[in-house]
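Report on the structure given below.
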Amino acid sequence: MTLTTFVTGGLGFWVPAYLRYRNQSPEMGMTIFGLITVVAGLVSTLLGGVIADRLRSRFAGSYFWVSGIGMLIACPFFIATLYIPFPVTWITMFFAIFFLFLNTGPSNTALANVSLPAVRATAFAANILVIHALGDVQAFWLLGYIGGHTNMHVAFLFVSGIIFLSGLAWLVGVKYLQADTAAVESQTSA
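Count along the sequence shown from 1, add 802, and you get the number used in the numbering used here.
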């Protein structure tokens, strides 16, 4: 979740600079980016949850499978966004954002499932602290540093690498999710 938050927070903060780099109006561009984020984000959040729930009986770790595959699909769409001319790039941006947010429902469900009820609020609070302290807060300065020493295209290429790593991290977690969930379920049913 931390890598995902790095990406979403970093994009939200640095898209205006990237639009200027691509000779686009930040005012109009941020309106379009905002609409894309709202529509793609809401639809994919719901769809990601539905897909992961439906796959749960067939695939152990479905919550992380959906999250990881979503990030890996988002990566080439995001890279395409960096090379395709405007206004067509908004289409690839839509799909990149859509697949970035596919993990929201499944990842939060997984967090709830691996947290004992007595400490679930604390687990969510700790998670929120960690994903922001190590995610978007770091993205703000690091992408600025990269962009300032090179350009925003290079900074956003770095973001594509983080998207890819996030997808891999979710997929590595698949092998642990079922056992961690079962451990909590056994403690709460006893």
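Backbone N, C-alpha and C fix where the C-beta goes; we use that ideal spot for every residue, glycine too.
Let me know the secondary structure DSSP gives residue i once reduced to three states.
i, result
"A862", "coil"
"Q980", "helix"
"M832", "helix"
"T990", "helix"
"V961", "helix"
"P919", "helix"
"F879", "helix"
"S869", "helix"
"P908", "helix"
"S1002", "No statement about residue 1002 is possible, as the shown extent of the chain runs from 803 to 992 and does not include it."
"F926", "helix"
"F888", "coil"
Anyone know if the C-beta pair for residue i and residue j falls short of 8 Å?
i, j, result
"P887", "G850", "no"
"T806", "M895", "no"
"I965", "V817", "no"
"G811", "G937", "yes"
"V986", "L931", "no"
Give me the residue from the options with the minimum Cα distance to residue i.
i, options, result
"L979", "S869, L821 and I964", "S869"
"W867", "S962, F896 and T906", "T906"
"W892", "F942, V932 and R824", "R824"
"F815", "M832, M803 and L805", "M832"
"P878", "T847, A971 and F900", "F900"
"G863", "K977, T990, S991 and S988", "K977"
"L904", "A935, V852, A819 and P919", "V852"
"L959", "A981, A882 and R822", "A882"
"T839", "F861, A928, F897 and D855", "F897"
"I871", "S988, V986, L967 and A985", "L967"
"T847", "R860, N910, G812 and L813", "N910"
"W972", "L813, I834, Y865 and S988", "Y865"
Tell me, to the nearest whole angstrom, how far the beta carbon of residue i is from that of residue j; I am working on the premise that it is less than 8 Å.
i, j, result
"T983", "V916", "6 Å"
"L902", "A876", "5 Å"
"F926", "L913", "7 Å"
"I933", "M803", "5 Å"
"S994", "F880", "Because residue 994 is not part of the residues shown, which for the chain are 803 to 992, the question remains open."
"L884", "H951", "About 18 Å; that fails the 8 Å criterion."
Alpha helix (DSSP H) containing residue i: first to last residue?
i, result
"G814", "T804 to Y823"
"H951", "V939 to H951"
"F897", "T891 to L902"
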